[in-house]
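Participant:
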Amino acid sequence: MQMIEVPNSLCSDRRGLARSVRDAQAGRVVHVRGVIEFTNVCHHNCLYCGMRVANKSLGRYTLDRERLTDLAAGARADGIRTIMIQGGDHLEYDVAELCRAVGDIRERFDQTVLLCLGDRPLRDYEELFAAGAAQAIVKFETSNRSLYRRLRPHSHLDERLKLVNDLWGLGYEVSSGFILGLPGATAEDAENDLKLVSELPLFAASVSPFIPNDQSPLAGATVPSLDSVLDCIAGLRIRNPWLRIPSVSALNLLASLEGREEPGQLLGLMAGANVLTINYTPPAQQKSYVIYTSRRSLIEVGYAKELVKLTGLETDCLPTL
Ligand code: 5AD
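Numbering (the working numbering), first residue to last: 182 to 502.
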């Protein structure tokens, strides 16, 4: 991956520089994707996540294949061209059923299918690729090995990085990313997170601010500042001109916590991001998908288009009737 050295004289407006790099290299387009969070069942016990298996107070749900394809049809009707199928690490969810859903969504609605399914056997990912999935997200969360082990006690960072490489080897366009401001992480860790992104064979990468989840052991921890997250997004863009970089919904939460007037996701786009995600999980289930908190800010397609208009960029949505 190409690295660009930034002259110190240009660092005073890092976000402005990141915007110009995006516009010139990635294009003046915001990629709008839809996500369906089809299950909040998870076998893992990550310390930062509310869906951890130890959270017995959380009502669990799983959507069946028909529901999944109906929701994808709704996203397609809104002009969405990429659909993300996301869930907890739920190994009992039959891979054959998932393959049928992927095939349907790909064939009937002509959508690019992006998987975010966590640690599944490579064989499953192979079958899903054959069924039509083209992209996958595997976040490494932190480049600090011992912190990773502490926060994700079931696994090692190297296994996660191997999955990133293996999926790339299968032909997937792979997305990864990290959480900024995890308790115990230092400024040096953040610098290493950025370096690690540039070393992996990635198509997209995200920076998510750490949001303490009130149903997790890290409930009392502190939140990073919105400015630190925006500067990190800008750094990611400057180092990786062609990368797809989401402006994540947690930025809106941070902006409102800090009493900022501008929507956080707009500021993310202004810092060089170029992806927005619309949530198509049914309202009854949205509240139970407590990755970072139940107070998530979820946006609709009309709002995403308005945000993009404010930046002067285009979206990749299809025109709707
Ligand atoms: N803060 C920020 N991001 C989180 N995630 C999970 N919990 C948190 C949290 N408390 C992110 C992780 C995970 C994704 C589904 O959600 O990056 O991969």
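Idealized CB from N, CA, C, for every residue including glycine. If you're wondering where the values come from, they're calculated on a predicted model, not measured in any experiment.
Just to confirm, are residue 270 and residue 299 a CB contact at a threshold of 8 Å?
Facilitator: For the purposes of this step, residue 270 is taken as residue 89 along the sequence shown, with counting starting at 1. For the purposes of this step, residue 299 is taken as residue 118 along the sequence shown, with counting starting at 1. A Cβ-Cβ contact shorter than 8 Å links residue 270 with residue 299.
Participant: Quick one, are the C-beta atoms of residue 244 and residue 220 less than 8 Å apart?
Facilitator: As a first step, residue 244 is located in the sequence shown; it is residue number 63 there, counting from the start. As a first step, residue 220 is located in the sequence shown; it is residue number 39 there, counting from the start. Contact: yes.
Participant: Look at the Cβ atom of residue 216, then the Cβ atom of residue 460, and state whether they are nearer than 8 Å.
Facilitator: The residue you call residue 216 lines up with position 35 of the sequence shown. The residue you call residue 460 lines up with position 279 of the sequence shown. Yes, Cβ-Cβ distance for residue 216 and residue 460 is below 8 Å.
Participant: Buried or exposed for residue 491, please, with buried defined as at least 16 other CB atoms from any protein chain shown within 10 angstroms of its CB.
Facilitator: As a working note, residue 491 is residue 310 in the sequence shown. Classification of residue 491: exposed, given that the 10 Å Cβ count is below 16.
Participant: Who are the Cβ neighbours of residue 303 in its own chain at under 6 Å, not counting the five residues just before and after it?
Facilitator: As a first step, residue 303 is located in the sequence shown; it is residue number 122 there, counting from the start. Within the same chain, residue 303 has close Cβ partners 347.
Participant: Is the stretch 318 to 333 close to the stretch 358 to 366, with three or more CB pairs under 8 Å?
Facilitator: yes
Participant: Quick test of the definition: if touching needs 3 or more C-beta pairs under 8 Å, does the stretch 191 to 206 touch the stretch 411 to 427?
Facilitator: yes
Participant: DSSP three-state label for residue 286, please.
Facilitator: Residue 286 sits at position 105 when you count from the first residue of the sequence shown. Here DSSP, grouped into helix, strand and coil, assigns residue 286 to helix.
Participant: Would you call the CB atoms of residue 450 and residue 428 closer than 8 Å?
Facilitator: Counting from one through the sequence shown, the residue named residue 450 turns up at place 269. Counting from one through the sequence shown, the residue named residue 428 turns up at place 247. Cβ atoms of residue 450 and residue 428: closer than 8 Å.
Participant: Identify which residue in 361, 413, 400 and 345 has its Cα closest to the Cα of residue 380.
Facilitator: As a working mapping, residue 380 is identified with position 199 in the sequence shown. Per the Cα distances, 345.
Participant: Beta-carbon within less than 8 Å of residue 239's beta-carbon, same chain only, minus the 5 sequence neighbours each way: which residues are those?
Facilitator: For the purposes of this step, residue 239 is identified with residue 58 of the sequence shown, where counting begins at 1. Cβ neighbours of residue 239 beyond the five flanking positions: 221, 231, 232, 396, 469 and 471.
Participant: Taking the beta carbon of residue 182 as the centre, do at least 16 other beta carbons fall within 10 Å, making it buried, or is it exposed?
Facilitator: On the sequence shown, position 1 is the one that residue 182 refers to. Any answer about residue 182 is weak, because its pLDDT of 39 lies below 50 and its placement is not dependable; what the coordinates show is given next. It counts as exposed.
Participant: So is the beta-carbon of residue 173 under 7 Å away from any non-hydrogen atom of ligand 1?
Facilitator: Outside the shown range of the chain, which is 182 to 502, sits residue 173, and nothing can be said about it.
Participant: Within 7 Å: the Cβ of residue 320 and any heavy atom of ligand 1?
Facilitator: As a position in the sequence shown, residue 320 is number 139, starting the count at 1. The answer is yes for residue 320.
Participant: What is the residue span of the alpha helix (DSSP H) that residue 325 lies within?
Facilitator: Mapped onto the sequence shown, residue 325 falls at position 144. From DSSP, residue 325 is part of no alpha helix (DSSP H); its letter is neither H nor E.
Participant: Say yes only if the C-beta of residue 394 is nearer than 7 Å to one or more non-hydrogen atoms of ligand 1, and no if none qualify.
Facilitator: Sequence index remark: in the sequence shown, residue 394 carries index 213 (1-based). Result yes, Cβ under 7 Å from ligand 1.
Participant: Measure the Cβ-Cβ separation of residue 457 and residue 499 and say whether it is below 8 Å.
Facilitator: Working through the sequence shown from its first residue, we reach residue 457 at position 276. Working through the sequence shown from its first residue, we reach residue 499 at position 318. Not closer than 8 Å, so no.
Participant: Going by CA-CA distance only, name the one from 206, 405 and 410 that's closest to residue 387.
Facilitator: To locate residue 387, count along the sequence shown from 1; it is residue 206. Checking every option, the nearest Cα to that of residue 387 belongs to 410.
Participant: Using a 10 Å radius around the Cβ and a threshold of 16 neighbouring Cβ atoms, would you call residue 401 buried or exposed?
Facilitator: As a working mapping, residue 401 is identified with position 220 in the sequence shown. In summary, residue 401 is exposed, with fewer than 16 beta-carbon neighbours lying within 10 Å of its beta-carbon over all protein chains present.
Participant: Hey, could you find the ends of the alpha helix (DSSP H) residue 250 is sitting in?
Facilitator: The residue labelled residue 250 in the question sits at position 69 within the sequence shown. From DSSP, the alpha helix (DSSP H) with residue 250 extends over 246 to 258.
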